[in-house]
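In what follows, a structure is listed as structure tokens, so that the remarks can point back to it.
Residue numbers (the numbering used here), protein chains in the order written: chain W, 1 to 382; chain G, 1 to 382.
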């Protein structure tokens with residue numbers, strides 16, 4: 001294992017709960033958006049908000065940086081176009097509410113924001129928003145248009161995921177040592193931007209990202225992170241934004257290699273691909289959420305023979321699995337030959353398997369044999 | 001607020017990761033179960049395992065202790081009854097695996113256990129278990145039959161939920177101060193039995209249980225627990241077993257009053273009822289998971305007029321809501337007149353509302369007005 005991590009001490013000792021610099025920058029961008037609209041009205045022109053198109057038609061795989069990226073196409077949301085008027089009004093309302101939240105120096109959930117902007121327009125029966133499904137995409141529009149992050153708009157989404165191992169972070173003035181968190185681990189917050197979460201000290205050699213919390217608990221109980229001087233991190237299924245951003249920061253800022261272990265099925269492979277190159281939906285921030293240098297340890301269907309895993313713990317592929325596997329073969333980011341080989345092997349043998357299947361070889365097989373062999377010999381998928 | 005909690009210091013300073021006493025007790029009970037079967041075979045009798053019936057027909061509401069309880073009816077699972085043979089075999093297999101896990105001094109998930117007992121019976125095409133849905137109820141059978149807990153069988157279920165406030169716990173030798181956990185809080189582990197989680201120190205006056213994590217994050221950011229000297233705890237929806245057990249221990253051992261805040265809808269009311277008197281499914285451990293002295297703060301549909309909440313943030317009841325509300329009216333534990341009044345009021349006005357609806361009165365309305373008024377004046381539902 002490389003030893004780049006050991007003994008690194010981060011400089012930032014002073015704890016801040018919020019970065020005034022970023023708040024000012026984002027507030028200024030929100031104000032500019034509003035001032036633009038006002039000056040267009042003053043000039044008696046049709047008010048127009050320019051937004052990047054966030055759809056498949058404007059997505060590409062950046063072969064150089066190895067992430068999914070948003071293209072240059074934009075759309076115009078104008079007030080006097082009847083098809084746009086409602087969304088135009090909502091965009092202004094959401095932007096104004098975000099500015100208010102930042103000024104009050106509070107954080108709120110995207111559901112709270114929905115309730116905060118919901119009202120009946122005076123003299124009408126019309127509500128500003130009817131459902132949260134209307135306000136959520138407006139938030140992403142504003143994020144993409146202002147080149148900012150939801151977290152910097154003081155909005156939080158769902159959080160999940162845990163970390164254990166030799167890292168100390170500072171959060172709102174509290175020092176949290178993830179090597180002293182018992183059976184819980186450090187719970188990853190919604191917002192892990194550097195204004196909120198400071199890395200104080202880290203001596204780990206790498207990060208092991210584990211799809212499932214039950215497997216994480218198994219490895220934490222065996223103190224895998226202590227014996228192998230690493231961080232163990234779980235996203236509990238598809239990782240939330242905060243978890244993906246944390247993996248990105250651990251790699252970028254602390255130079256830690258990232259290894260992923262997931263189920264040997266199409267969802268496990270997809271979770272890995274989202275950690276690695278980002279998602280189509282949030283393509284405008286793949287550089288902040290994706291970690292293209294991540295490697296896949298396993299599980300693979302080829303491990304069944306390699307590790308003599310009993311066949312009766314494999315699960316037969318269903319129609320959905322087969323269809324999805326064929327889709328994966330067509331994604332440009334699954335084109336490395338090792339992935340084509342694995343997916344074709346899965347289709348050929350007709351089964352998938354979950355991480356827990358390794359327990360058929362004994363409760364400690366994963367921590368004492370499987371992971372040490374794979375990581376020791378660098379048996380990774382790209 | 002009563003001040004019973006302040007300055008209490010718990011005696012147990014020595015950290016243990018596992019209690020040998022309980023391991024021995026549970027192992028002995030598992031062995032007795034196995035020895036019974038063997039002695040029946042030796043005596044050439046039909047092997048018979050006696051299990052409590054865990055169904056509606058054997059459930060009652062204990063009016064004295066105010067919890068849902070399991071009755072005295074038992075069933076016989078016998079080997080030579082063809083309808084029982086498969087389950088008999090599975091019961092023996094799961095019990096043997098639990099004994100092995102305790103002896104190895106490890107913890108495993110219920111999914112791991114499923115894989116550990118799954119195999120093809122030699123010379124046949126028959127598997128011992130086909131799906132996890134077969135092994136999960138067997139675990140509950142063994143828990144109920146041996147008067148033990150899943151956690152004491154070293155099995156973990158899903159975990160979720162967080163705590164912040166003035167309490168220090170010891171977990172596997174690590175001291176965790178829930179007042180120093182930044183924006184995360186202390187993540188509640190799967191197993192919070194006293195062998196694993198020791199309460200070291202706690203100066204809180206009460207526990208505020210919050211249905212939703214987003215609201216918990218709002219209150220944590222405002223340091224509600226500091227200003228009000230309490231613990232804030234969220235179960236993220238319906239609390240997991242570990243979270244319900246922790247609430248029970250905080251009340252029983254630290255004498256903390258428990259107040260619950262949830263959505264004003266049938267699911268919020270049901271979540272409260274499970275925290276308070278336990279669930280039908282896990283009725284055999286209601287005394288360990290339920291907290292009958294818990295009080296409901298709100299939200300109620302009657303709060304809409306009381307706090308002048310704008311009507312446009314209420315949500316119209318659907319058919320499922322109405323049907324479920326009528327069911328709640330029939331449960332004996334919803335019979336206090338305040339609950340009948342509230343549920344009938346909900347049906348009459350025809351709406352429900354979520355905690356986030358309070359944001360329509362301002363982002364800090366919940367922490368600065370709603371909760372202080374309700375708790376200060378003890379405006380609770382029973």
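Ideal placement from N, C-alpha and C gives every residue a C-beta, glycine not left out.
Everything numeric in this text was worked out from a predicted model, so none of it was measured.
Closer than 8 Å to the CB of residue 235 of chain G there is not a single CB belonging to chain W. Residue pairing for residue 127 of chain W: DSSP places it in a beta bridge opposite W:120. Beta-carbon to beta-carbon, residue 182 of chain G and residue 231 of chain G are separated by about 16 Å, too far to satisfy the 8 Å threshold. By the rule that beta-carbons nearer than 8 Å mark a contact, residue 118 of chain W touches chain G. When the Cα atoms are used, residue 275 of chain G and residue 185 of chain G turn out to be separated by approximately 21 Å. Comparing C-alpha distances from residue 105 of chain G to each of G:21, G:351 and G:297 shows the shortest one belongs to G:21. In the DSSP assignment, residue 232 of chain G falls within the unbroken beta strand (DSSP E) covering 231-234.
Nearest to residue 345 of chain G by C-alpha distance, out of G:331, G:135 and G:305, is G:305.
In terms of Cα proximity to residue 290 of chain G, the closest of G:248, G:254 and G:50 is G:248.
For residue 52 of chain W, the enclosing beta strand (DSSP E) begins and ends at 48-52. For residue 127 of chain G, at least one C-beta of chain W is nearer than 8 Å to its own C-beta. In the displayed model, residue 307 of chain G falls within coil according to three-state DSSP, outside both helix and strand. With respect to chain W, the C-beta atom of residue 171 of chain G has a partner C-beta closer than 8 Å. Between the C-alpha atoms of residue 191 of chain W and residue 172 of chain W there is a straight-line separation of about 12 Å. Interface annotation, residue 368 of chain W: not in contact with chain G, CB-CB separation never under 8 Å. Residues of chain W with a Cβ closer than 8 Å to the Cβ of residue 189 of chain G are, in chain order, 182, 183 and 184. Two segments are said to touch when three or more pairs of C-beta atoms, one from each, lie closer than 8 Å; by this definition the region 262-269 of chain G touches the region 348-358 of chain G. Just so you know, the alpha carbons of residue 299 of chain G and residue 160 of chain W end up roughly 26 Å apart. Identification of chain G residues near residue 263 of chain W by a Cβ-Cβ cut-off of 8 Å yields none; the smallest Cβ-Cβ distance measures about 11 Å. Sixteen is the threshold: when 16 or more other Cβ atoms of the shown chains lie within 10 Å of the Cβ of residue 143 of chain W, as they do, the residue is buried. Rounded to the nearest whole angstrom, the C-alpha separation of residue 73 of chain G and residue 32 of chain G is 21 Å.
At a cut-off of 8 Å between beta carbons, residue 151 of chain G makes no contact with chain W. When DSSP states are grouped into helix, strand and coil, residue 85 of chain G belongs to the helix group.
A contact is defined here as three or more CB-CB pairs under 8 Å, and the region 220-239 of chain G fails this definition with respect to the region 209-220 of chain W.
For the region 341-360 of chain G, residues whose beta-carbon sits nearer than 7 Å to a beta-carbon of chain W comprise 356, 357, 359 and 360. The beta carbon of residue 93 of chain W sits closer than 7 Å to those of 117 and 128, all from its chain and outside the five residues before and after it, given in chain order. Looking at the DSSP output, residue 355 of chain G shares a beta bridge with no other residue. According to the DSSP assignment, residue 67 of chain G belongs to the beta strand (DSSP E) that extends over 67-70. Residues of chain G with a Cβ closer than 9 Å to the Cβ of residue 196 of chain W are, in chain order, 182 and 183. Between residue 121 of chain W and residue 77 of chain W, the C-beta spacing is not below 8 Å.
From the listed residues W:342, W:67 and W:330, the smallest Cα separation to residue 283 of chain W is found for W:67. Non-local beta-carbon contacts of residue 280 of chain G in its own chain, meaning distances under 8 Å to residues more than five positions away in sequence, involve 56, 59 and 68 in chain order.
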